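Quick note on numbering: our numbering labels position 130 of the sequence shown as 144, and the sequence is numbered without any gaps.
Ideal Cβ placement from N, Cα and C applies to all residues, glycine included.
Since the model is a prediction, treat every value here as computed from it, not as a measurement.
Only one structure is covered here, and it is reproduced in the block below.
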Amino acid sequence: MSIGQTPEPAPELQTLPPDLPVPADDGAAAHLPGLRMPSLILDSTDKVTIDLGMMVTGRTVVYLYPMTGRPDIELPAGWNAIPGARGCTAEACDFRDHYRELVAAGAQRVFGLSSQESTYQREVVERLHLPFSMLADPELHLAKALSIPTFDVDGVSLYKRMTLIVHSGVIEHVFYPVFPPDQHAEEVLRWLREHPGSVVGGSGVAGGGEGGAVGDRPVGQG
């Protein structure tokens, strides 16, 4: 690799083990469809701040994830054994690879959101060549505002994996649980194509894979 070239993502982070535990649908997202996104200002990897309450035009895809791994940092002990934890890099790559199709299917904006700081997220965006921004919520403001489920690892609270489809400022549809994460962007894409003109509040919660069923505005420099 030449000097200045962006390193490729570590293969072990992109490839998911075949025996990952499938997250169960615990009903923790059933209350979300129909709720309005709160006015929360979060830092983005674009070095601007985004007000979640200003996603008032068109559709926005916000996928929440626990924590992307990095080639230079070991994953927490037992990470693979936690249902829904492993696969953040693979999920980001899937959204990257289907980004143009998602936009063509009606997603005006796509964001990743996690509890890591923007500096940590920015490394991931650059290394994976992501065409969308990540939003940092280290204080879990969104989880507190909407009662979004989290889990703790080594004393740190992380978001459980889920995706919100926001239409005109209101949560139109929720994917939870999400599994497998490396195919989730395709699942979101299928839903967007099947619901080109959905009415807000008429969708509900969809479990991913084997789980159960059930305009942003920059407001200043970060």
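- For the pair leucine 49 and methionine 176, the CB atoms are not nearer than the 7 Å cut-off.
- A check of alpha carbon separations from proline 195 across His45, Pro80, Pro47, Thr74 identifies Pro80 as the nearest.
- Alanine 150 and glycine 211 have their C-alpha atoms spaced approximately 30 Å apart.
- Residue pairing from DSSP places threonine 63 in a beta bridge opposite Asp57.
- Burial is judged here by how many other beta carbons sit within 10 angstroms of a residue's own beta carbon; aspartate 57 has at least 16 and is buried.
- With respect to the 7 Å criterion, valine 180 and methionine 69 are classified as neighbours on the basis of their beta carbons.
- By alpha-carbon distance to valine 124, the top candidate from Ala43, Gly183, Phe146 is Phe146.
- Relative to valine 167, the option among His198, Ala99, Ala220 whose CA is nearest is Ala99.
- Within the same chain, Cβ atoms closer than 6 Å to the Cβ of threonine 74 are found at Arg123, Val180, the five residues on either side in sequence being excluded.
- It is roughly 12 Å from the alpha-carbon of proline 47 to the alpha-carbon of serine 161.
- The straight-line gap separating the alpha-carbon atoms of glutamate 201 and aspartate 86 is approximately 31 Å.
- Rounded to the nearest angstrom, the Cβ distance from tyrosine 134 to alanine 43 is 25 Å, too far for a contact under 8 Å.
- Rounded to whole angstroms, glutamine 197 and leucine 172 show a C-alpha spacing of 21 Å.
- The shortest C-alpha to C-alpha distance from glycine 92 to any of Glu115, Thr59, Pro35, Glu137 is the one to Pro35.
- For leucine 172, there is no enclosing alpha helix (DSSP H); the residue is found in the beta strand (DSSP E) stretching over 170 to 173.
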